[in-house]
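Start counting the sequence shown at 0; every next residue gets the next number (numbering that gives the first Met the number 0). Backbone N, C-alpha and C fix where the C-beta goes; we use that ideal spot for every residue, glycine too. Accompanying notes for the structure given below.
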Amino acid sequence: MIRQAASVALSLLFASGGAVAADTPPGKVVFDHSCAVCHAPGLGHPGTQRLAELRGPDRAVLEERTDLDPDYIRHVVRHGLVEMPPWRPSELDDAALTQLVQYLARGKSPSSAQIGH
Ligand code: HEC
C-alpha cells in the first residue's frame with residue numbers, strides 16, 4: 000500500500016515536471032515577463048480587476064479568453080488602453096509580439112496573427 004502510494008507520487012512528480020518544460024509556448028514566456036504583473040488571475044492585478052469590471056468575471060483573465068482578435072491584441076499592446084501603457088518595439092519587438100498574439104489568440108485564424116499592422 001505504502002509502496003504503491005510512493006510510486007504514484009513519483010510518477011506525478013515526473014509527469015508535471017516534464018510537462019512544464021516541454022509545453023511552454025514562447026508567447027507564454029513573453030506574457031509572464033511583460034503582462035502577468037497586471038493580467039495574472041486574481042485580486043491585486045489591475046488589468047484583471049479592470050477587465051472584470053468592464054467585461055465581467057468570465058472575461059477578466061486574458062489567458063482564458065477565446066474572444067480576443069489578433070489585430071486587437073496587437074493594437075492594444077502597441078497603443079495602450081486607458082490605464083494600460085503602450086509598448087514600443089524597442090521594449091517588445093515584433094517577433095515577441097507575434098508569439099504573444101499567437102499565444103493569447105490561439106484558436107483564431109493564424110493568418111491574421113502574422114507580423115504587419
Ligand atoms: C500596468 C498594467 C498592465 C500591463 C503591464 C499590461 N496591461 Fe493589458 N490592460 C491593463 C488594464 C488596466 C486594462 C483595461 C483597460 C481599460 O480600462 O479599458 C488592460 C486591457 C488589456 C486588453 C484589452 C482586453 C479587452 O477586453 O478589451 C488587452 C488585449 C491587454 N490588456 C493585453 C495586454 C498584454 C498582451 C500585455 C503584455 C504585453 C498587457 N496587457 C500588459 C493593464 C495592463
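**Item:** Residue from D70, P69, G41 with nearest C-alpha to D57
**Value:** Distances from the CA of D57 to each of D70, P69, G41 were compared; the closest alpha carbon is that of G41.
**Request:** Go through its chain and collect everything with a Cβ distance to G79's Cβ below 7 angstroms, but skip five positions before and after it.
**Result:** Excluding sequence neighbours, G79 sits near P85.
**Request:** Rounded to whole angstroms, what's the CA-CA distance from G26 to V60? Just pull it up for me.
**Result:** Cα-Cα distance, rounded: 16 angstroms.
**Request:** Can you tell me which of H38, G46, R87 puts its alpha carbon nearest to the alpha carbon of H118?
**Result:** This structure cannot settle anything about residue 118, because the visible part of the chain is limited to 0 through 116.
**Message:** So if DSSP puts L50 in a beta bridge, which residue, or which two residues, is it bridged to?
**Reply:** None; L50 has no bridge partner.
**Request:** Leaving aside the five residues before and after L50 along the sequence, list all residues of the same chain whose C-beta is less than 6 angstroms from its C-beta, in chain order.
**Result:** Closer than 6 angstroms at the Cβ level, and outside the excluded window around L50, lie A59.
**Near the ligand HEC: P45 beta-carbon under 7 angstroms from a heavy atom** = Taking 7 angstroms as the cut-off, the C-beta of P45 counts as close to a heavy atom of the ligand HEC.
**Prompt:** In chain order, which continuous runs of the alpha helix (DSSP H) of length 4 or greater are located wholly inside the region 23-82?
**Reply:** Listed in chain order, the alpha helix (DSSP H) runs fully inside the region 23-82 are 25-33, 35-38, 45-54, 69-78, counting runs of at least 4 residues.
**Asked** Quick one, are the C-beta atoms of Q101 and V29 less than 8 angstroms apart?
**Response** Contact flag unset, no.
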